[in-house]
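> Numbering (my numbering), first residue to last: 295 to 458. Using N, Cα and C, we set each Cβ at its ideal position, and we do this for glycine too. The structure that follows is given in the form of structure tokens.
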């Protein structure tokens, strides 16, 4: 009877060791797949715009990225992920690159509420960039800006990103 218990315990230990080995192999595979680019068209496989080229655009007064928000909302829109990924990749590639984050709002309605909403939108973008691996000390928040004129009302609901 004692031999049967020893066999059961040995079998249970082998099963447990197998499960542990599978978990370790899965963690290693996940780590390797997230650090190595693939050729399947993933964002990691696409060449990023060189940080120097993005910085020269910023010097010329052009935005390196824009995220447009829904009316009255500070929630990141679903289509912002690709733009934020592109800017985050460029920011991580530059050794001393910083990203200036500017929230915009229009002049209609309550100015304080509009400025607060622009600030909340800029903070949502900041948090998304931090989650995408950009160090917090590389992210600089600008004071909310009133959008001037223009025919597209989305321009007053944007956050601009400039790589410097």
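Cα separation between residue 358 and residue 322?
Roughly 35 Å between the two C-alpha positions.
> Smallest Cα separation from residue 361: which of 396, 442, 404?
Taking only the C-alpha atoms, the option nearest residue 361 is 396.
> Just reading off the alpha helix (DSSP H) that residue 424 is part of, what are its end residues?
Counting along the chain, the alpha helix (DSSP H) containing residue 424 begins and ends at 405-425.
> Just to confirm, are residue 390 and residue 401 a CB contact at a threshold of 9 Å?
Cβ atoms of residue 390 and residue 401: not closer than 9 Å.
> Using the three-state DSSP reduction, which class does residue 367 fall into: helix, strand or coil?
Looking at residue 367 - three-state DSSP - the assignment turns out to be coil, as it is neither helix nor strand.
> With contact counted as at least three CB pairs below 8 Å, one residue from each stretch, are the region 415-423 and the region 366-384 in contact?
Taking 8 Å as the limit for Cβ pairs, the verdict is that the region 366-384 does touch the region 415-423.
> Am I right that residue 435 and residue 420 are in contact with their C-beta atoms under 8 Å? What's the rounded C-beta distance?
The Cβ separation is near 7 Å, so the contact holds.
> Going by DSSP, what residue range makes up the alpha helix (DSSP H) through residue 377?
375-387 is the extent of the alpha helix (DSSP H) around residue 377.
> For residue 432 versus residue 375, is the C-beta spacing smaller than 9 Å?
Their beta carbons are not under 9 Å apart, which means residue 432 does not touch residue 375 by this criterion.
> Is the beta carbon of residue 441 within less than 8 Å of some heavy atom of the ligand ADP?
This structure simply doesn't include the ligand ADP, nor any ligand for that matter.
> Could you check if residue 438 is buried or exposed, using at least 16 other CB atoms within 10 Å of its CB as the buried criterion?
Buried, by the Cβ-count rule.
> Does the beta-carbon of residue 446 have 16 or more other beta-carbons within 10 angstroms, so that it is buried, or is it exposed?
Exposed, since its Cβ has fewer than 16 Cβ neighbours within 10 Å.
> In the DSSP assignment, what are the bridge partners of residue 304?
None, per the DSSP bridge assignment.
> Using the C-alpha atoms, what's the distance from residue 381 back to residue 372?
So the alpha carbons of these two residues sit roughly 16 Å apart.
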